[in-house]
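S.K.: Using this note's numbering, the first residue of the sequence shown is number 1, and each one after it goes up by one. Below is the structure I would like to discuss, written out as C-alpha cells.
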Amino acid sequence: SAVDVAGGAYDFCGLFTPGAPTREQGKHPVSDYRAGHLLSYDWTLPNGSTNVRLMLRERAPDVTMLTLHHANAEVGQHHTYALAPEDFWFLSLENLRRYLDGKPSDARVDFSQSMKGDITHVIDIDADAGTVFDVLLSPKQLERWIASQAAVEPHIGGSIDLGWGVGPIKILDLQPNQKLAYEWNEDGTTGQMTTVTWTLEEGNGRTRLTFTHSGFDDDTDNSGIYPGWRNFQSWVRSVAEYGDNWQPAIKLLTNPDHAAWYPKAINDAQALFADEAVE
C-alpha cells in the first residue's frame, strides 16, 4: 500500500485485494477527504469503476461508528462480488475491529489463486472447542453469524435449516466439540449435493477450526462462495472470542427478497440506518 490522502493517493494492491491487482492497477485517487471524518476514493474493479466512501462518527467516548458506502456496484446480488466485493468488505471491517482490539486480524482471501473445486479454510480461535462447537450448532448462535431463522435437530440424520430456502439439508456427522458435517444443496434447483464439514482441534485452550466444502467437480468455479465461507469462518471466530458483546457489520438490506440470506443479527439491526449519521 501507499497512502497519502492529503496528496490524493490511497493505493493498495496485491494478493488479498479483489482481482489481485498490480501496483499500477492498485492506484485509487482520493475524491474527498476530511481528517477524522471522511475518506472517499475511486476504485476500478475488473468489471467497472466504483467509489468507496468511509465516514466516521463518534457515538460515545470509546465508540466510533464507521459507515462504508460502495457506490456504482451491483447491490444485493447473492454470491456476486465482481463489482460489489461484499465479503471482502465484511472481512476487512471485522479485521479492522479485531486489529483495534489487539486481536489477530488475519482472516483474508488470496484472490490470485484458483477458486475452483472444493474449498478449504483454516483459522485459529482463542476459545475452547466447546464454545466454538456451540457457535456452529446452536440456533441462537447461528442467527448471529449465518442464519436468518435457524432450526436444528442436533443428531446424525437430523435436519438443519438456516432460513435461506437453500443450503444445508441434513446432518451427516456430529461428534461434539470435534466435528460437524451436513449435506448442502447450493442452489435448490440442480439437485447437486455437496458436503460442508467443520473440524475442531483443541490445544491449550485454543481451537483450530478447519472448514471444507467438498463434492464439487474440479473445474467448478466457486469464486462466488469462496470468500463468503472465509467471512463466515471469521465471524465464527469473533462470536466465540467476543461472546455476547459481538455483532457483525450491519449491511443496509434494500431488497426484501434477499434478506433471508443475511443473519438475523443483521436483519434485526436495520433500524441503525435511520440514524442521521448514515449518509
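Glycine included, C-beta positions come from ideal geometry on N, C-alpha and C.
Just to confirm my understanding: we take Val278, look at its own chain, exclude 5 residues before and 5 after, and list those with CB closer than 7 Å. What are they?
M.R.: Residue 278 sits at position 278 when you count from the first residue of the sequence shown. Bear in mind that the predicted position of Val278 carries a pLDDT of just 47, short of 50, making it unreliable; the figure below should be weighed with that in mind. Excluding sequence neighbours, Val278 sits near Thr67.
S.K.: Take Glu86 as the anchor and find which of Ala71, Arg98, Pro256 and Tyr99 has the nearest alpha-carbon.
M.R.: Counting from one through the sequence shown, the residue named residue 86 turns up at place 86. If we check each option's Cα against that of Glu86, Ala71 comes out closest.
S.K.: Starting from Pro168, trace the beta strand (DSSP E) both ways and give me its first and last residue.
M.R.: Mapped onto the sequence shown, residue 168 falls at position 168. Start and end: Gly167 to Gln175.
S.K.: Taking the continuous beta strand (DSSP E) assigned at Trp43, which residues delimit it?
M.R.: Here residue 43 corresponds to residue number 43 of the sequence shown, with the count starting at 1. Where Trp43 is concerned, the enclosing beta strand (DSSP E) stretches over Leu38 to Leu45.
S.K.: For the beta strand (DSSP E) that Thr280 lies in, which residues bound it at each end?
M.R.: Only positions 1 to 279 of the chain appear in the structure, and residue 280 is not among them; the question remains open.
S.K.: Take the Cβ of Arg23 as the centre, count every other Cβ of all protein chains shown within 10 Å, and call the residue buried at 16 or more, exposed below.
M.R.: Position 23 of the sequence shown holds residue 23. Label assigned to Arg23: exposed.
S.K.: State the Cα-Cα distance for the pair Ala9 and Pro227, rounded to the nearest angstrom.
M.R.: In the sequence shown, counting from the first residue as 1, residue 9 sits at position 9. In the sequence shown, counting from the first residue as 1, residue 227 sits at position 227. When rounded, the distance between both Cα atoms is 27 Å.
S.K.: Please return the same chain residues whose Cβ sits closer than 8 Å to the Cβ of Glu276, not counting the five positions on each side in sequence.
M.R.: Residue numbering aside, residue 276 sits at position 276 when the sequence shown is read from its first letter. Here the model assigns Glu276 a pLDDT of 46, short of 50, so the residue's position is not dependable, and the following value carries that caveat. So no residue of the chain qualifies.
S.K.: Roughly how many angstroms lie between the CA atoms of Trp89 and Leu252, to the nearest whole one?
M.R.: Residue 89 sits at position 89 when you count from the first residue of the sequence shown. Residue 252 sits at position 252 when you count from the first residue of the sequence shown. Between Trp89 and Leu252, the C-alpha separation is close to 13 Å.
S.K.: Which one or two residues does DSSP pair with Val236 in a beta bridge?
M.R.: If you number the sequence shown from 1, residue 236 lands on position 236. Paired residue(s): none; Val236 is not in a bridge.
S.K.: I'd like the span of the beta strand (DSSP E) that includes Phe211, first residue to last.
M.R.: As a first step, residue 211 must be located in the sequence shown, where it is residue number 211. It spans Arg206 to Ser214 - the beta strand (DSSP E) in which Phe211 sits, taken as one unbroken run.
S.K.: Taking 8 Å as the threshold, find out whether the region 165 to 172 comes into contact with the region 200 to 217 through three or more Cβ pairs.
M.R.: Touching, no.
S.K.: Give the range of the beta strand (DSSP E) segment to which Ser31 is assigned.
M.R.: Within the sequence shown, residue 31 is the residue found at index 31, counting from 1. That run of the beta strand (DSSP E) goes Val30 to Arg34.
S.K.: If you follow the alpha helix (DSSP H) that Gly130 is part of, which residue opens it and which one closes it?
M.R.: The count along the sequence shown starts at 1 and reaches residue 130 at position 130. Note, Gly130: alpha helix (DSSP H), Ala129 to Leu137.
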